[in-house]
Structure formats: C-alpha cells, structure tokens
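Be aware that the sequence shown starts at 1, since it is given in full-length UniProt numbering, and climbs by one per residue. What follows is a single structure, written as structure tokens, with notes after it.
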Amino acid sequence: MRVSIGYRRRSARLGQRHGTALTFVTALLPMMANAASIEPAPPANLDFSDLGQIGIAGDFGGISLYQFVGQGGQTRSANGSEALLSELPNGALLPAVQTDAVIRAMCLYNGTSSKSNGLIIGGNFTSLGGSKSKAIGIYDIDGSKVTTLDGLEGEVNAILCDDASDTVYIGGNFRSGNSTNAISWNGQDGFKNLPFVGFNGPVKAITKMDNGHILFGGTFTGLGNYNSTAGNWRNTQTINLETAKINAQGSSYKDGFSDPANVACSSGSVAQGSTWLLEDDTPGYWEAQFGFGFEPTKIRIWNTHLENHGTKSFNIQTFPNGLTNIMNMTYIDADTGRNATCDRVCPLSNDPKVQFQDFYFVNVVGMSKLRIDILEWWGNAAGLAGVQIFADNVFSYAINDFNEPKCRTRSGTVSSASITGPWERSPSLQSNAEYLTANIHVDDGRTSSNASVTFYPNIPQSGNYSVNLYTPGCVADGTCANRGRVYVSGSMSSGTTQPEFETELFQTNNFDKYDQIYFGFVEKTSDKFQSSVTLSPTADQTVEDLVVVAQQVGFTLINSVGGLNGLFDFDPNGPLPDERSLDSSAINKLGYSFDKSSGVKALITSSDTTYVAGNFSSKNHRNIVAISSKGGEAKNLDGGLNGQVLDMQAEDKKLYVGGSFSNTLSNDTKGLNNVAVYDPDSDAWSPLGAGLDGSVDYVVSLRVNTTEGKPETVIAFTGSFTNSNGYGNFPSARVDGFAIWVPSQSIWLHDSKHNVPSYSGVLTASHLDLHGSNSILAGSIDVSTLAVDGVASLSAAGLGRFPAKIDAKTPKPSKRRRSILQGGDLAGVATGTFYENADESLTIMAGHFTAQASSNDSVIHNLVFIDAKKGNATSGLSEGIDPDSSFFATDIWNNILFAGGQVSGNVSGMEAHGIIGWDLDAKKFSHQPAGLTGGDGVVTSIAVRPGGGDQVFVGGSFEKAGALDCPGLCTFNIDDDQWTRPGTVVTGRVTGLQWVKTDSVLVAGDLVASSSGSKPLAYYNPVKQTWTDFPNLGDIPGPVEVLAPASMDLKQFWIGGKSLKDKSTFLMKWDGSKWRSVEKKLPESTVLRSLQVFRLTQQHDRASLLESDQALMITGAIDLPNTGSVSACLFNGSHYQPYALTTSNNQGTSSIGRIFSQRPNKIGHSKRMPLVFVVLIGLAISLALILLMVVGGVVLDRLRKRREGYVRAPTSMRDRGSGIQRVPPRELLESLGRVRPGGPPAV
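The following block contains the structure:
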C-alpha cells in the first residue's frame, strides 16, 4: 500500500494548560540545540535498599524518570505555539524546532536537482526556530538547521512532496508572486507559479493519485488564471484621505487654495476650500501618508478647471522600503477614447467636459504613502480639484480613521468599527497598520473585562467570501509574554439571532499574520443590515497581565462561476489548464456536482484509490467518496457519513476518519460518534469504541509502546471533544481533546491495563520511519512514559502502578487551597503512608481523587486503603465525609489514622472540619476531633508525639478547634479527645512539623509572635509549654514552606520558601551553627512541595552542603535553568539534576507532592563504613575473641586443679634423682599386659 504524504491539516484545537509561555520558550532553546544527538542523563544513584515499598504522590496524569538530556515532560505550550518533536528511546519527546503557531502539514523533501533534503513545514506560523518565516520553512534533520522560505504571505494548509518531479506542491490561503492559494517549489528554483497560478479560494488538501495527477481540494470555485473577480466588485473600497497626513510642495499662497487637504473630499469644485493650486510656473507634488498599508487598484483624479490653471502631466510615486518607485498605469485617453498606458509621464485632460479620469495600477503593490508628482500645467499654474483612491478588497479597521470616508460614500454606509473597554492606539512599528491595544488584568486565570472591538465592513454585493482576521506581531511591541487568546464571532446575514461562526485564536504570533475565520455567504450592506465581526479576550487566560490587539478584518469575494467546486485534477504533464478544459476531468465534474456551499477538507491516496472528504453533498454522495485513479469513477463508502469529515489517515489497508458526524447516511451503524474506520474489503464502517463526544480536527498516525517494550502504529485524534464514550466494559473517560486508538487491541490507549505512556495536547502531523525507525511529530504535546493518575510506585527497576486505579478529580477553583499549596488547585494524591499488623498490610493514599472499591461498585473518595494481604483489596471511609474534601497530611497513632486537609462532613452526628480520626483495625471513625475552622480551615501538617505519647500536633491555617481559640497549631489529646492550645504567644500559618526530641517539636511556616513579630521557625516544648526562637531567624528571607531534617541527630535542617524581598525561591541549610544558602537560586515560578535527603549508591564530588553519599530530593513544580519544568530534582550540593517529569490530566500544571516509603528513613542517610575498614575491624574482633577464649581456658583449668587438690610436682634435681630407679625396657613393655590390682579385666 502506498500512502501519499502531505495532505491538509486543520487549525489546532484551542486547548490550554496553565503555565508560563516565556519560561517554556526559554527552556526550549537549549533543548533544540541537542535535538540532533541523544545523550543519556547522568544516573540518579538513589539507594532504595532500606526503604521497602516506595510511592510517588502528586498532582499528575503521567510520570517519567529523567533519562535523556533535554527530555521534556510538559512540552505542551500554553500560548498556541507548536514544535517539531523527535522521539527518544524511552518514548519521550525532544523538541527539535519551535514555531509561534500551528504546524498544519509537513512532508519529506529529497531534492534531485538541488541535492538538498529536509522536512518542508507549513502552517499559520510567522516564526520558525526563532527566525522570521511566514507560513513555510525547511528543517534539516541531520544538521538540525532551519531554512526560511521568503516570499509567501498568509497560511499554508497542505504540502505534497513529489520526488518523481522534484516538486513540492503548496496549498493554503496565501499570496506569493502572481499566485494565490497554490504554488510550487523546489530546492534549485525556489517558488514557481503553477501553470494556472493558483485558485480563487483556499486550498485545504493535496494528494498525488496513482495515475500521477495532482489533486487539489478546498473551497475554491475557479483557477487563479481565470478572472474570478466580478466587474461590480472591483475598486469597491475607498481609501480614507480625510484622515491621512497630506502635504505638498510648491503650494500657492492664495487664500482657500493653498491647503493640499482641500482635494481629499472634493469632487471637481473650483471653489475655495475645494481646490488646491500650485504657485505660478512652479512644479510640485501632492502627497498623502497613511497610518495603514493598502493595495490600491485605481486612482481617480479631478483636474482643476479654474481659469488659467490645470495639471497637464504627472506621475504616481510610491516609496517601498525608502526607495522611490514610479507606478505603471493604464487609462482611457480622453481624446481618442482608447486604452493607453503611462508611467513617468501621464497626461491629464483640461477638457471641462471630462469630469475626472481613472488611472488603474498595472501592478497591485502595498503602500502607505503616495505622491502625485506634477510635471507640467495648463495656463499659469497646476492644480487639482479632487483625488480618490480605490482598492478591491473590503477592509474594516479597528481604528476608525482608517475606514472609508463618509464624504465619498454613495449609500450612506461605510466600513467602521465600534469599541468598548480600555483600548489605546499603538504605532504600527513593523506592522502594516496602526492598531488598538488593551491591557487587561487577569485574576485567578479569568478576565472580567468587557473589552471588545466590533468590525462593520461595507459589503457591496452578496456572495461567498473569505474572511481574514489580521493580527500584528508581538516581537515589535515587546508583548509576547503577555499575549493570549481572543474569541471571534460574526454575523454574516440578516434573519439570524446567533453568530454564523465562533472561533478562538492565539495572538502570540511573533510577526504579522492573518487567519481565515470564515468562509461562506455574506449578505451585502443595506439600510437594514450590515455584517459584523466581534473580537474580545477569552474568559480564561494563562497570563496575569493580558495584552489584546485589534487591527483589521478583510473580506474577499469568491466568484461562483469559475467552473470548479472544491476539486481540481491537475496533470503536470498535460496541456495548460484553463476554464474551457475543466470538464475533461471526471474528478472536476464530481466536484461541480456538489452543492455550492460545499468544501473539501481532506484528501488521501491509498494504493489506486483516492479518498475525498469534507462537507459536501450531491445526489449520490455525502461528505466522503472514493475515486479510482484508473477511470476516475466515484464510489460511495457504504452510503457515506451524516456529517462533515475533517481529516483522514490510511493505515494497514483501513481508512480512519474524524470529523463531526454520528452515523452513516443510512443510520445503520451505531457508535460512529465523530470517529470511524472504513474497511474497503468489506465496504463497511465500524465504530472506534463508542466514539468521542465532540468534533475531531486531526487524524494522525503515531508509534507507541502499547505493551511493555512492543511499539506499534496507533491512530491519534485531536479535536474539540472532552470524553471518550463508554463501550463494552470500559466507562466514559476524560481525554481533553486528545485520544489514541490501538487497532491491534480495539481499545483506546487510556483503557489499556498495561504500563502505557500518557499523551495530551495537539498532534497535527507526523512522519514515521524517518531514517529507519525514527519518527518526527508536529504539535504541542505532553508525554509521560507511564500513564497513571496521582501516584506511582518506584523501585530500582523504575516506575510502576499501584494495584488501585486512581482517578484524579478536577477540583473546583479555590483560593484557600491555592494559598496553602502555592501551586494552584490540588488533584491526585497528596501523600501516602503504610500500616501493618497480623491481619493486614495497608498502603494508604490521601488526596483529591476517586477509586473503585473491590467489594462492590461503590466509589471511594480521597482516602483509599489497599490491603496486600487480601489480594490488594481496596476500601475507603464509611459515609459521612464530603466527596469534595481534600486530604493533605496523615500520621498514625497506634492503629488510629489521623488525616487532615480541607475536609468537611459529619461523623457520628458531629460536624467534621479539617481532620478525621479512623481506626484502621476496626475500620470505623474513632477519636474524632472537634472541627478546625476559621481562616482557610485547612490542615497541612500532622505529627504524632514520639515516645509513646498520646498527643497529636496539627498545623495549618485555621483559627479555632471546636470552641477553642487555637490559631495555626493545635494539640489533640487522644486520652480525652480534647484540643489544647500550645501556648498563647505564637499564631499564624503552619506548613511543617518535625519532632527533634520527645519534648521538642520544630514548627515551620509563617508564624507571628505577640512579642517579636513574624518568624518562619520556632521550637515548642509540650512539657514546659514554652516557645523558643530558632537561632539566626533574621537570615531567613521569608516564610518556610517546606522543612526536612538534614542530620541523624536532628540538629541540622533543610528549609525552602519564597523570599519576601524579590519573590525568588530560596533553599537553605542549618548546619548546627549558621544558615547556609544554596547559591543557585530557583526561579520565582518554582513551587516547592517537599524536601527529603536520600542516600546514594555512588558518591558524588565533595560539597560543603551535603555529604558525598547524600542528595537532596526536591519535589513540586520546579523550573530548572536550561532544562525547563520538572517535578522532582536532586541537589548534590553544587548543582541540580532533573529526576522526574510529570504531565497533567486536566490541562493544568502538574507536580509531585512527596515521595513516601514503607520504612521511612528519618534522614535518608545512614553513614556506611568502607569495606576495608569493616574487614579489619572484623579481624580485630575475631582475634580479641580468640585471646579471651585462651585466657578463659587457662583460668578455668587452674580453678579445676585447685578444687581437686593438685600438688605441684617437685622441681629440684635432687629430689627427682633420688626417687627414680632404672627399669629395663623389656620389663616396662611386659607390664603393659598385666592386670592392675583392683582394676577390671582387660578385654
């Protein structure tokens, strides 16, 4: 099967995630530099041997370990930009080149004549790899270089690389040279006009058919070499001279005749104030300078007929790029009545019967300044009695000074605009026109401004129009970091109460661009109706100080008598096509049979069949049709589909389609909700699951590891949907505009039980098997190597899943949670712990999520227990706690779990707020504390007093415990279930608790002492009930958000937070005598959620802040310089090393809350002695034990002998000699066999 590459791609779905676009772009630049080479990241070398089971808890939908330099998790952009993405061996993506808008098409070009190759990239971007590149460019894969292709203005929708002819066919909504909407290119000649110089409407798709013909699809009705502009449409808009800056040289001094602005609205009158004269016998010029650019097609000049005055000859000059250019023009000779041409010298009649003369510009070029240079005159002096300039296309400008002058209108209605809100006029800078700018404050991601601009064009005749919205670039005015999205809607005809179209667009383009916002019928302007387009900021934004711009809207009439209707069959080797030869193609006839409002959106060729899809209908076909390349016969695909098809992808002899439909035309296949697959062998449509709940814009092939280590080709769908519909045993699932179908398993990827990756975002194009097995993708995508919600297991082997399936909730906006967590609304798992007894082994997870109970179909909310001894059975709390609650902290006293957070509910008739008590053995509420209320009503820290005590210290942001005033920190006494206040001198917000002794707890946060003011750290002694300041508090620059011990004796600590001075993120270590700061500060955007010291298996270089076998784990949402956003990183005392990356499952930021373990090491460091010393010490101990054994044996032997009456043998020679008699040896030997007297007989 052969599939042509380079068919059209539609505009990106307008999804978003919260984040900082500027941070993303800054971090991306070093990544792009490394895109050509894959470099493994340094190993983390964490020692997990003593920790048992480990979990990573957080607010994420996918997680990856950092394994390659430049690897990104959240490469998805918040500002509408996209990138080319190359795949890493672990399935992660590496940005290769960045654009400032959507990539809609790409193909691989292998130039034969130029011996050049690379990826041709097209879209509606204005910047490619940081360089100005309008809509198209080349990316050299081997050299990682970008080549811009200048000369095209507009947007590219489709690209086809035809290696056989060394030609790249380009289609879209653009102008280039003499071509509109279609052009060709090759590496040797550059852009070349096609024989038919394009089309009169946008091209959406291009494919090469099996017979070698090139098939174009779109919303055009004629070729570019056919005069498709109706006569009564030309020169319809009047350029506003009334507000232009008009000056002259050589003006007369006569009263009422010296002002060159007299002629701006005059129509031949010779009265004072209506005619401009020059000094006698003096040449001169009349000049108009505009605040906007335009492309005039005609200039109308009234000569003055004041006695002895008149202009005899002149020329028209323009000034592109500071150069003087004399225009070529055609006109009708007033004396002969014949067409004539002129340039340097153009005549002007002085016949009073000639009211005015029209001069037509031969070349239509853009200008913002025009001069009439007067060369000769009739009589005494030259003069003019009126000037009017015309253009073909209709524009409505946001600045009314640029719209049509009311003095020149015939109907009484002119193009105009109305504005609401804080708009200010901005200079044009690098743009072609001045524009309006509004600065709008965004509160909590929402705009409340009523700012809007409504454009009212003056439409001269009804018909089909292409409507474009023009947006000035952000580089020139320095607003790229503050640009966001706008909502655009339009009313195109009378009799409708709802807008004919609605769309959202990013304004983050680096340079000027225009987007097609509407194509269809527009009713002409009348006294009763005028069409309109309204622009306003969208309600949700990702920047705090939003900048919105409004410039102009353009309307171009598309003639309906060009002989085509959305399809054009081009034979590159055939005769020159024109309107007379169109009927010779069966494919052209097929298009012409479609309804007039039809449009082709997608084309693809598979083997000898070409598929045509879009929004069309005829007597025999609806929205999709197949064409045989052999005879051009059209074939229905099982009756077609009942809605428009926007994209297609052929894979493994099957056709996957996406769009806006719900069934076949015969309504006989259920589940075809916006996606479907067609099997040509059986001529039948089949559903993909039960489809998706919204429209699909892109269908793209992708290669994914669907089972462990086994990649396969899957189909990715991008669009305006939110959920995949439930099917079989799989429930509906939230997918937020991006879903992947796995053909081999007939399931959606997110329903897989295997450890599969996670994807989210926008995928607009792909090229698989690039240079072997590599792939390159186009879009804006977040990818994680493991798709998992909120929690993942961690071991030396890598990441894995816990037995329970966690589904993170999408939290309601809450400033209370945001104020505590500093990073937005919490979802997923916040923390975890373990509990074990003889009957159960529990993994406990707490946060804001749902899980499925094992015993029944009930849903568990926010606190789940997984029992490993009972087959990983899952259970939760009994009823009583509000499902909207969130748990942030846990600790266990004996068998009682205390869990706190933003909690509400009712326990045994008592209102529960902030904290609950749960008996893990009895599985019921127990020792339930009275509610914590006031303030934010949130618990962030729980610490059971060590040493067998019965006190639980609870910290957070609250004011009361039951009826007791107990701000920020309160003690729960388990023996009587009562709260007590730990002293009365310290209040405030508590973020962390750390016991250092049984009678001393270190309290961190934003504390306030009644005597000494604000303090970030303090000790509390529960025995003496006294507070003690931590040493050197003045060195800490702000409140402490995270706290962790740094030494085994709990005399050293790590802290982190936000500086009150410059809002930067600080990390500091107390070494027992002074504070020591980490010199490499983290950016202000960093959110810290936990700190923890880990032991390493391999030592790093010596550093003053950490031992050589230690590393500090930092979790949260961390912006690392030259890396970007990570969710966990290691600090070794000198530099940061990324450790884990996460992606979001709800279009928000993602982060890691903390790493929890079965056997938590209080410090994460237990000093190990080198092996040689261990051996030596063991040998010494062994020798000492042997010596003790020898000495002990001697002592024991002496004691025994003493008890038995042992007498020392004589030792003198005299005694020994007198007692010895010599015995012959023979007698001695004989005595051995004798029986001793009194002894037993020898046997």
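Where is the CB? At the ideal position from N, CA and C, for every residue including glycine. Owing to the predicted nature of the structure, the values given are computational and were not obtained by experimental measurement.
Taking only the alpha-carbon atoms, compute the straight-line gap between residue i and residue j and give it to the nearest angstrom.
i, j, result
"S1166", "P95", "Reliability fails at S1166, whose pLDDT of 44 lies under 50, so the model's placement of it is uncertain and no value is given."
"L665", "K619", "13 Å"
"D751", "F1053", "44 Å"
"S415", "S396", "5 Å"
"S452", "T420", "5 Å"
"V714", "G691", "16 Å"
"V1191", "V1175", "25 Å"
"residue 1267", "N186", "The structure shown does not extend to residue 1267, since the chain is modelled only from 1 to 1243, so the question has no answer here."
"G798", "N45", "12 Å"
"R1203", "G1178", "38 Å"
"G70", "A438", "37 Å"
"P260", "Q249", "9 Å"
"L1088", "G1072", "23 Å"
"E279", "P427", "35 Å"
"A230", "T1143", "Bear in mind that a pLDDT of 47 at A230, under 50, signals an unreliable position, so the number given afterwards is only what the model happens to contain. Each residue's alpha carbon lies about 54 Å from the other."
"N837", "L646", "59 Å"
"T833", "A804", "15 Å"
"L590", "Q188", "36 Å"
Residue i: buried (16+ other C-beta within 10 angstroms of its C-beta) or exposed?
i, result
"I1186", "exposed"
"P457", "buried"
"I1036", "buried"
"H305", "buried"
"L1199", "exposed"
"L277", "buried"
"I121", "buried"
"D50", "exposed"
"R338", "exposed"
"D373", "buried"
"I1152", "buried"
"S682", "exposed"
"K1015", "buried"
"G1219", "Bear in mind that a pLDDT of 44 at G1219, under 50, signals an unreliable position, so the number given afterwards is only what the model happens to contain. G1219 is exposed by the Cβ-count criterion."
Write down the C-beta distance between residue i and residue j rounded to the nearest angstrom, noting that I regard them as a contact closer than 8 Å.
i, j, result
"I54", "L786", "In fact, because the Cβ distance is near 14 Å, the residues do not count as touching under 8 Å."
"I558", "T221", "6 Å"
"N642", "S662", "6 Å"
"F802", "S795", "F802 to S795, Cβ: 12 Å. No contact."
"S784", "S758", "4 Å"
"G983", "L1043", "About 20 Å separates the two Cβ atoms, so there is no contact after all."
"F501", "G484", "That pair is no contact at about 20 Å."
"I56", "I866", "Not quite, the Cβ-Cβ distance comes to about 15 Å (not below 8 Å), so this is no contact."
"N247", "E287", "5 Å"
In the DSSP output, which residue or residues are listed as bridge partners for residue i?
i, result
"G123", "I103"
"S841", "E836"
"G118", "Y109"
"R1076", "K1069"
"V1040", "G1057"
"E502", "S489"
"S1000", "K997"
"V362", "Paired residue(s): none; V362 is not in a bridge."
"S584", "Paired residue(s): none; S584 is not in a bridge."
"I1092", "The question names Ile, yet the displayed sequence has Gln at residue 1092. The partner list for Q1092 (beta bridge, DSSP) reads M1113."
Answer yes or no: does any C-beta atom of chain D fall closer than 7 Å to that of residue i?
i, result
"V1042", "No chain D appears in this structure, which consists of one protein chain only."
At 3 residues or longer, and completely inside the segment 683–718: list those beta strand (DSSP E) runs for me, N to C. Those beta strand (DSSP E) runs which fall completely within the segment 683–718 and span 3+ residues are 684–686, 696–707.
Scan the segment 137–166 and note each continuous beta strand (DSSP E) run of 3 residues or more that stays entirely inside, going in chain order. Taken in chain order, the complete beta strand (DSSP E) segments of 3 residues or longer contained in the segment 137–166 are 145–148, 153–162.
Within the segment 405–462, ranges of the beta strand (DSSP E) (whole runs, at least 3 residues): For the segment 405–462, whole beta strand (DSSP E) runs of length 3 or above, ordered along the chain, are 416–420, 423–426, 435–443, 452–456.
For the segment 180–234, which segments carrying the beta strand (DSSP E) assignment without a break, of at least 3 residues, lie completely within its bounds, in sequence order? Counting only runs of 3 or more, we get 190–192, 203–208, 214–218.
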